[in-house]
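Sequence lines, in order, name chains A and B.
FYI, the numbering used here numbers position 209 of the first sequence as 190, with every residue one higher than the one before it.
FYI, the numbering used here numbers position 35 of the second sequence as 16, with every residue one higher than the one before it.
No residue lacks a Cβ here, since even glycine has one placed at the ideal position from N, Cα and C.
Note that the structure is predicted; figures quoted are calculated from it, not measured.
For reference, the structure is listed below as structure tokens.
Number of protein chains: 2
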Amino acid sequence: MSINATEFTDIDPGERILMGPGPSNVPARVLQAMSAPCIGHLDPYFLSIMDETQRLLRFLFQTENDLTIPVSGTGSSGMETCFINLVEPGEEVVVCINGVFGTRMADIVNRVGGELIEIHGQWGRAIDPEAVRKAVKGRSPKIVAVVHAETSTGVCQPLRDIANIAREAGALFLVDMVTSLGGMEISVDNMGIDAAYSGTQKCISCPPGLAPISFSSAAMKALNTRKTPVPSWYLDMSMVKSYWGADRKYHHTAPINMIYALREALRIIAEEGLKERFARHLLNHRALVAGLEAMGLSMLVPETERLPMLNAVCIPEGVDDVKVRRALLNDFGIEIGGGLGDLQGKIWRVGLMGHSSTRKNVLLFLTALETVLKAEGIKVSPGALEAVSAVYS
Amino acid sequence: MSINATEFTDIDPGERILMGPGPSNVPARVLQAMSAPCIGHLDPYFLSIMDETQRLLRFLFQTENDLTIPVSGTGSSGMETCFINLVEPGEEVVVCINGVFGTRMADIVNRVGGELIEIHGQWGRAIDPEAVRKAVKGRSPKIVAVVHAETSTGVCQPLRDIANIAREAGALFLVDMVTSLGGMEISVDNMGIDAAYSGTQKCISCPPGLAPISFSSAAMKALNTRKTPVPSWYLDMSMVKSYWGADRKYHHTAPINMIYALREALRIIAEEGLKERFARHLLNHRALVAGLEAMGLSMLVPETERLPMLNAVCIPEGVDDVKVRRALLNDFGIEIGGGLGDLQGKIWRVGLMGHSSTRKNVLLFLTALETVLKAEGIKVSPGALEAVSAVYS
């Protein structure tokens, strides 16, 4: 078997404005940090970078949790890490499902032999805490799990009530923060969260490939007192913690350059400040929605339940979903996402995440969308620009 | 909780010559490719990069196997992927153990509930195929598993005899190629290998973070006819194959920039040619050994069982392992590895992998080691340079 090496050209992805459900645009500084020379994973310099990455992650999660690390896989590996380390066969796990990622949680719980208790909510709406209260009544679940920011629908799940219900039931509270971390207020310690995971390619604006996680002392106790081994060697936090801890006990080789990138992305967040960053996400979201509504488009999610970084826009009757997205990509270099599952063809998912959450992108996207819709013969109400300006003024 | 962003400086790992058990030095072209703009994981351009990466990986593995992809995790996730997709609870798995990585295989088999049949060999020697023949006699194991290149000892395991034994027993033949792939002859198709995995940071000279794997049609049949679900969602190849296949069905977000890097590293291999690359690894290995032996040092592994890319050197009596390695790192910027497990303090592991396998590195390392040993008051025989030159001439 041979191959002709000259068939392959230099990597050149061109320029994209990433306004889909992730990845978001990665700042040049992060790409530069990522391309620093690769060194040994036990080199003293790299160990110092690991320490700094942990400190910065604790700041972002707002936690003192010792086990706060980037798992060596993408966001979904973070989800898997949380469940497989904390659930043993036969244990009850309450999972709130109102989109793709709650569904994925349930799938994982089944694979590890957990006793799954599903709470189903409408896709596009938050889960009612009363439904959780009912579900845990008379039970003692090991875990109550929710998705903070459902990337498939744009819904924000309020956490405090469910955190209280979980605590009263003696359960660990597990939260998916893949899309919310870095884009809206989160405090793992103050919100009573025991296990949280995220991805790097959303509001952190680092390339995909790592899954930041954090385990509370209660979660660590559950891990340390397991009766059965963690079903995965690769994601077994009882071993991985010794590599990231003071022991530095070899487990697997860390993805060195990805960690350079994450550290730089977190440093940029620290420079901006959390409060300022969250305010920026909210402002650009409000401007986008004002513009879309002025154009006559409507949002899937009621105003009080919307995420600031992921906007689910209802596709108007008679509009060809794929054709519009293709025109945005080919003519304007703008990527947005389509709907998943039952929402396929019904919504667009417009991300304003991390480095992509800018006034410039809001304006460009609205103008581009208007242009594409008009070219398709769709009537668009005037006044988007004025509505957007009013938000920024 | 606040943090002071000015405490963190720019990433600057300095310059290291990576001659340990991995990572190896990464060519500038690979680092440049990795720092190209991150784009969407379903962007048409990225899909073409996925296709090209698969073609290049098939070339490297010398296989036509459809499922030939980089798993989104480091090398160990490749090991886990092979076992958890192909083993069901109660099935017999024969694992050959003569180092750390065979031990890790056994650990994973236990976690997935496989019936483990261990074949133990001496650390520093290859496994005798007769031991495998005995172990499978009267059994019908699902898998026979070996480590081709035991990174913990520097031993090369001949594959053909064990492949035949596995085939006769009706078992799938599973091979760890983490350290061998890209540095010595391998043909997944011609050698009768059903499942193989590797890492990117050894002889491929790409940063760590991906695990190339390949499954034969027999392995795919075993996967497709499972009676129980794969215990991991993240590494479930029955789903991941649809993302890498023509369907492009969303599973998880691929680590975009890492895949840019891998594609470039594979392209460099294609440019060099496999035959030329393997000859280079062998030549530099022979030169290194000639120099070490001229200095009066000895190798752990008998000549016929040595790997070309990982050299286990016995630490002479009275020499302080850690002190020597620290001096090599601090005074010469050279990283080599120490021993693992029972071999800790007894061997050094000197890698000549991928981009690090050069005549220049062989000479520098020998000179640096001689300098450090002499400074420690150790007697070193003269003539290393002559011995090395004789190999290259």
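Pop quiz: residue i and residue j are said to be a contact at Cβ under 8 Å. What is the actual Cβ separation, rounded to whole angstroms?
i                 : j                 : result
Ser111 of chain A : Asn79 of chain A  : Note that residue 111 of chain A is Glu in the sequence shown here, rather than Ser. About 14 Å separates the two Cβ atoms, so there is no contact after all.
Gln43 of chain A  : Ile167 of chain A : 6 Å
Thr134 of chain B : Gly105 of chain B : 5 Å
Leu97 of chain B  : Ala107 of chain B : No, Leu97 of chain B and Ala107 of chain B are not in contact; Cβ-Cβ is about 21 Å, not under 8 Å.
Ser5 of chain B   : Gly320 of chain B : Not a contact, Cβ separation roughly 19 Å.
Val90 of chain B  : Val76 of chain B  : 6 Å
Ala150 of chain B : Asp175 of chain B : Contact flag wrong, Cβ pair sits at about 12 Å.
Whose C-alpha, out of the options, is nearest the C-alpha of residue i?
i                   : options                                      : result
Lys341 of chain B   : B:Gly326, B:Ile174, B:Ser179 and B:Ile315    : B:Ile315
Ala17 of chain B    : B:Leu347, B:Ala275, B:Glu367 and B:Arg244    : B:Arg244
Pro8 of chain A     : A:His101, A:Leu309 and A:Leu247              : A:Leu247
Pro25 of chain B    : A:Leu324, A:Leu333 and A:Leu310              : A:Leu310
Lys183 of chain A   : A:Leu48, A:Leu333, A:Pro363 and A:Asp(-7)    : A:Leu333
Glu73 of chain A    : A:Phe154, A:Pro189, A:Ala107 and A:Thr49     : A:Phe154
Ala(-13) of chain B : A:Asn66, A:Glu253 and A:Ser370               : Before going on, a small fix: residue -13 of chain B reads as Thr here, not Ala. When each option's Cα is compared against that of Thr(-13) of chain B, the closest is A:Glu253.
Ala129 of chain A   : A:Ala268, A:Gly272, A:Arg287 and A:Pro122    : The question names Ala, but residue 129 of chain A is His in the sequence shown. Of the candidates A:Ala268, A:Gly272, A:Arg287 and A:Pro122, the one whose C-alpha sits nearest the C-alpha of His129 of chain A is A:Arg287.
Arg229 of chain A   : A:Asn171, A:Ile(-16), A:Leu23 and A:Thr(-10) : A:Leu23
Tyr178 of chain B   : B:Lys118, B:Tyr215, B:Lys355 and B:Thr49     : B:Thr49
Pro289 of chain A   : A:Ile296, A:Leu278, A:Ala268 and A:Thr55     : A:Ala268
Asn205 of chain A   : A:Pro212, A:Trp214, A:Lys360 and A:Met218    : A:Met218
Ile249 of chain B   : B:Met158, B:Leu37 and B:Phe27                : B:Leu37
Ile240 of chain B   : B:Ser(-17), B:Thr(-10) and B:Val52           : B:Val52
Pro(-6) of chain B  : A:Ala192, A:Asn238 and A:Lys115              : A:Asn238
Glu274 of chain A   : A:Val81, A:Lys256 and A:Val369               : A:Val369
Ala192 of chain A   : A:Ser121, A:Val270, A:Gly59 and A:Leu345     : A:Gly59
Gly119 of chain A   : A:Val294, A:Glu357, A:Ile146 and A:Arg306    : A:Ile146
Lys208 of chain B   : B:Tyr215, B:Val353 and B:Val68               : B:Val68
Glu357 of chain B   : B:Val343, B:Leu41 and B:Glu298               : B:Glu298
Cys295 of chain A   : A:Pro189, A:Phe313 and A:Met276              : A:Met276
Ala242 of chain B   : A:Cys19, A:Glu61, A:Glu(-4) and A:Ile(-16)   : A:Cys19
Ile124 of chain A   : A:Asn66, A:Gln103, A:Gly102 and A:Asp109     : A:Asn66
Ala371 of chain A   : A:Asp312, A:Pro70, A:Gly272 and A:Ile(-16)   : A:Gly272
Gly95 of chain B    : B:Val113, B:Arg114, B:Glu61 and B:Lys115     : B:Glu61
Pro188 of chain A   : A:Met158, A:Asp(-9), A:Val11 and A:Gly322    : A:Val11
Output the boundary residues of the alpha helix (DSSP H) element that contains residue i.
i                 : result
Ala275 of chain B : Leu255 to Ala275
Val331 of chain A : Not the alpha helix (DSSP H): Val331 of chain A falls in the beta strand (DSSP E), residues Ile328 to Gly332.
Phe40 of chain B  : Pro25 to Phe42
Cys63 of chain A  : Gly56 to Leu67
Phe346 of chain A : Arg340 to Ala356
Ser205 of chain A : At residue 205 of chain A the sequence reads Asn, which differs from the Ser that was named. Ser198 to Asn205 is the extent of the alpha helix (DSSP H) around Asn205 of chain A.
Ile89 of chain B  : Val81 to Arg92
Val303 of chain A : Asp302 to Phe313
Val372 of chain A : Ala365 to Tyr373
Val11 of chain A  : Ala9 to Met15
Met220 of chain B : Met218 to Trp225
Just curious, the beta strand (DSSP E) that residue i is in, first and last residue?
i                 : result
Leu97 of chain B  : Glu96 to His101
Leu48 of chain A  : Segment: none, Leu48 of chain A is in no beta strand (DSSP E) and carries neither H nor E.
Ala293 of chain B : Leu291 to Cys295
Ala75 of chain B  : In the sequence as presented, Ala is not what sits at residue 75 of chain B; that position holds Val. Counting along the chain, the beta strand (DSSP E) containing Val75 of chain B begins and ends at Glu73 to Ile78.
Point to revise | At least three beta-carbon pairs within less than 8 Å, the stretch 188 to 208 of chain A to the stretch 216 to 224 of chain A | key: yes
Review point. Of all the alpha helix (DSSP H) runs that stay within the bounds of the stretch 115 to 190 of chain B, which reach a length of 4 or more residues?
Key: 141 to 149
Review point. So does the stretch 337 to 351 of chain B actually touch the stretch 30 to 47 of chain B, counting three or more Cβ pairs closer than 8 Å?
Key: no
Check your understanding: Counting pairs of beta carbons, one from the stretch 230 to 239 of chain B and one from the stretch -13 to 4 of chain B, are three or more of them closer than 8 Å?
Key -> no
**Study point:** Cβ contact (3+ pairs, closer than 8 Å) linking the stretch 158 to 178 of chain A and the stretch 253 to 267 of chain A
**Key:** yes
Check your understanding: Is there contact between the stretch 280 to 289 of chain B and the stretch 134 to 154 of chain B, where contact requires at least three CB pairs shorter than 8 Å?
Key -> yes
**Study point:** the stretch 323 to 331 of chain A touching the stretch 290 to 309 of chain A, judged by at least three CB pairs closer than 8 Å
**Key:** yes
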